[in-house]
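Protein chains in written order, with my numbering: chain H, 1 to 467; chain R, 468 to 950. Glycine is no exception: its CB is placed at the ideal position from the N, C-alpha and C atoms. Here is the structure we will look at, set down as structure tokens.
See the structure below:
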């Protein structure tokens, strides 16, 4: 019975982690760092005080494979439970039939595990409980089982229901929607999709309502729209309400920094991607993360900077699980050996300021880049600045939209509003019939005082956003 | 059981035979060996740590150190990196001191499976030793945030590196600008930035924290220069900003929007100012004392308008002003030693050699933070003649060469350079012989030469010290914070 309960608990825990948090497990690996290189211990850890942190970092390497990560996540609380089972077995008479008592702390262990991204708490608890079990085992070598409990506690009719209750309680802790892990899992999934350029998947998994309610989902959805070219058609559907919805400003949370890295990567602004990567790297106690090392390696391979790409690859080679990852990049590394890195830029150098000036400066240099143009124009629309929009659109449209035939829907909607003061706009730009009809209908509803109805009916339009 | 016996026998045979691998290379080449770090033709101190090196991709390396035809030290390594034994290295240096040794390297690799013996190269061993310790800060290379950060000291005669003080107890406190009076490890100062921060002073066995924002002109102090007598510390008080370039190789620009200069009297706790160095238009920074303490050197930029904004015309001149330690007053006359409007560029970090003969500085195209400038190079002025001394051998084209300090005897210069990978500052040591000729610099030796590449921190503000600093552990409690 004891073996069955332990096996069952392990399998259930493994399944909970594996099926419930596969992307979070991968993310945990990315946010950790372990290497056998000399500086790692001397600069980051004060042993033995930080032993749990060190062991945690070692174990987190294996989380890049969710099945292995889930197994470790299941194993750590099971070590505590097993230790308790040993304690009970040594202290209580017929302790083997009291196994269910050792499972009692499981919901609490899971509660702490859900917040323990570095495994420090989990490893510490496992080590302490194993130590306690060993100590008690030694102390009770001569005599064991000196505490007696009434026979009721030994009954299988108590064991099975109690085990079921504990498993239920553990599951409710694990899958509590407000738990850190559940919130992180959603974002980790989006991060995973973005890293793999699966933009349509992001748009499938994030609804407009989700995007309005959740800042991460909103930003990933807007980034996905930009990547698919649909930003100027659907930006307001996904809750755009300010230029700050495009990026995270002055936030040092790892998820925020990871988003910013993806944002700048997508725009080909490698300096700012590198900037946010370094910022992400210094968040955990290790002073570096696997994610940051991998981003930096790929960025420098792309730039053709052999020295830095090799440096980061050499450091990754000091970890346990990067053999294949590095092997895939060796060819590229050998290709750039002896070449000059491409740090070229167009025009005068400029420094990062805030969203609109940055996009404007970048568009100035790369006028054929539609993503930059859309961020700039949608950013101005988000600021409800129709006049600036029209001035910019006048310059940008000749390059990007007029030749391609169709003006994106939100721009058409904005042009119709601008046309109220400047009717010549309508002679310059072609407005689709359905947009025109919608605008007439929206205006009629507004004029007849049915503002709420107008906003509901045309919820995702620029008109609804402005009025 | 039989199978196990065979396996054990095979293992034992392999172990024994591995000791019999030939160390005689098949090919003899006139090529120079591709050793890293480049120690070819360098001049090293008579007490320097072993010059461990590597040949990338080699599976075995054999090295012999010869002098006058005699082999003084041999070492064979089954790795690409050579680890020389410390004791034997020390006796080798003792024998060759004041002369030259030839280094003969053979390597075995995929390219040369039967070995190649390269042409020998010389290493000169100076009569002069080097100060045994150097203190520096280890920090991530730039950007806004950091995590683990500390001021460390390294024994230059071995590979021992110890922390002097770190922020491990206080989260993300920034520690910077460590300084010592006259190379003495008995006194030390550094700033701790952040909650509960201040300037930590350790002098004559007394440890204290000074909050400059609440005394004198209430300015936060930045770059220090401890007077050789130990009584005064000159500080610049800078308001520093960072800019991030969106494109191009240089990622960051650091500049000041304000900087003044003041003197702190360590004995009385008073802050002494001079109105000339407290104006908004003149941005004085990087103070540095002459060895006799009678002059204060610094650099200064006159802002064309206020408020000060970053521009590519932010050029700093190098100036000096007399100082009377008895009355603690500055003299009237301010000399210009480097006039950027005439000579172009912008200079930083004036440092006078201990004999007062040379003035070493860093020159960049503009600005006051040359470590992020690829064009930044060291420059030197002969203070006896006022002429420039050619130190181009110390510089690497298109890579930042920057913060420098003199050894206490003035024969060695240590400076930071990003020549290794363009981003992480590493320390280089260079010899200046008594005739004033600069010699080829070499990378700070490491136990494993690959540590130069593996280390994820930059070396910052290397300062020679004549012994090991023993800062009381309570120093870290002075800026203890949970943040």
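So, at 7 Å on beta carbons, what are the nonlocal neighbours of residue i in its own chain, with the 5 sequence-adjacent residues on each side left out?
i	result
residue 321 of chain H	61, 62, 64
residue 724 of chain R	706, 708, 774, 775
residue 562 of chain R	534, 539
residue 466 of chain H	384, 417
residue 235 of chain H	222, 225, 378, 410
residue 570 of chain R	530, 532, 587, 588, 590
residue 329 of chain H	297, 301, 313
residue 303 of chain H	270, 341, 342, 343
Excluding the five sequence neighbours on either side, which residues of its own chain have a C-beta within less than 8 Å of the C-beta of residue i, listed in chain order?
i	result
residue 798 of chain R	788, 789, 790, 791
residue 149 of chain H	92, 93, 98
residue 484 of chain R	Because residue 484 of chain R carries a pLDDT of 44, less than 50, the predicted location of this residue cannot be relied on, and the following value inherits that uncertainty. Closer than 8 Å at Cβ, skipping near neighbours: no residue.
residue 287 of chain H	33, 43, 44, 281
residue 824 of chain R	849, 850, 851, 877, 903
Considering only residues of the same chain and omitting the five flanking positions on each side of residue i, which have a CB-CB separation below 6 Å?
i	result
residue 13 of chain H	74
residue 922 of chain R	none
residue 608 of chain R	890, 891, 925
residue 454 of chain H	442, 445, 446
For the beta strand (DSSP E) holding residue i, just list the boundary residues, first then last.
i	result
residue 577 of chain R	Per DSSP, residue 577 of chain R belongs to no beta strand (DSSP E) and is neither H nor E.
residue 407 of chain H	Unbroken run through residue 407 of chain H: none, as it is neither H nor E.
residue 749 of chain R	749-756
residue 665 of chain R	665-670
residue 692 of chain R	691-693
residue 829 of chain R	825-831
residue 701 of chain R	699-711
residue 655 of chain R	655-660
residue 602 of chain R	600-606
residue 768 of chain R	762-769
residue 814 of chain R	813-819
residue 629 of chain R	628-633
Can you look up residue i in the DSSP assignment and give me helix, strand or coil?
i	result
residue 149 of chain H	coil
residue 611 of chain R	coil
residue 719 of chain R	strand
residue 515 of chain R	coil
residue 18 of chain H	helix
residue 357 of chain H	helix
residue 883 of chain R	strand
residue 726 of chain R	strand
residue 929 of chain R	strand
residue 643 of chain R	strand
residue 95 of chain H	helix
residue 673 of chain R	strand
residue 682 of chain R	coil
residue 584 of chain R	strand
residue 390 of chain H	helix
residue 648 of chain R	coil
residue 271 of chain H	helix
residue 37 of chain H	coil
Which residues mark the beginning and the end of the alpha helix (DSSP H) in which residue i is found?
i	result
residue 258 of chain H	254-266
residue 870 of chain R	Segment 868-873 is the beta strand (DSSP E) holding residue 870 of chain R; no alpha helix (DSSP H) there.
residue 851 of chain R	Looking at the DSSP string, residue 851 of chain R is not in any alpha helix (DSSP H), and its letter there is neither H nor E.
residue 894 of chain R	Premise fails: residue 894 of chain R lies in the beta strand (DSSP E), 893-898, not in any alpha helix (DSSP H).
residue 785 of chain R	Premise fails: residue 785 of chain R lies in the beta strand (DSSP E), 784-791, not in any alpha helix (DSSP H).
residue 302 of chain H	290-303
residue 466 of chain H	462-466
residue 920 of chain R	918-921
residue 810 of chain R	807-810
So residue i and residue j are in contact, right, with Cβ under 8 Å, and what is the actual spacing, rounded?
i	j	result
residue 878 of chain R	residue 898 of chain R	6 Å
residue 264 of chain H	residue 293 of chain H	Going by Cβ atoms, the distance from residue 264 of chain H to residue 293 of chain H rounds to 18 Å, so no, they are not a contact pair.
residue 869 of chain R	residue 846 of chain R	Not really, about 11 Å apart at Cβ, beyond 8 Å.
residue 632 of chain R	residue 657 of chain R	7 Å
residue 120 of chain H	residue 56 of chain H	5 Å
Counting contacts by CB-CB distance shorter than 8 Å, is residue i in contact with chain A?
i	result
residue 334 of chain H	Considering every chain present, this structure includes no chain A. Its protein chains are H and R.
Please give the ranges of any alpha helix (DSSP H) in the segment 524-573 of chain R, keeping only runs that are unbroken, at least 4 residues long and fully inside the region. 553-563
Quick check on the DSSP output: what are the complete beta strand (DSSP E) runs of length 3 or more inside the segment 420-453 of chain H, in order along the chain? none
Within the segment 105-186 of chain H, note down every full alpha helix (DSSP H) run reaching 4 residues or more, in order along the chain. With a minimum length of 4 residues, the continuous alpha helix (DSSP H) runs that stay inside the segment 105-186 of chain H are 106-113, 120-139, 156-174.
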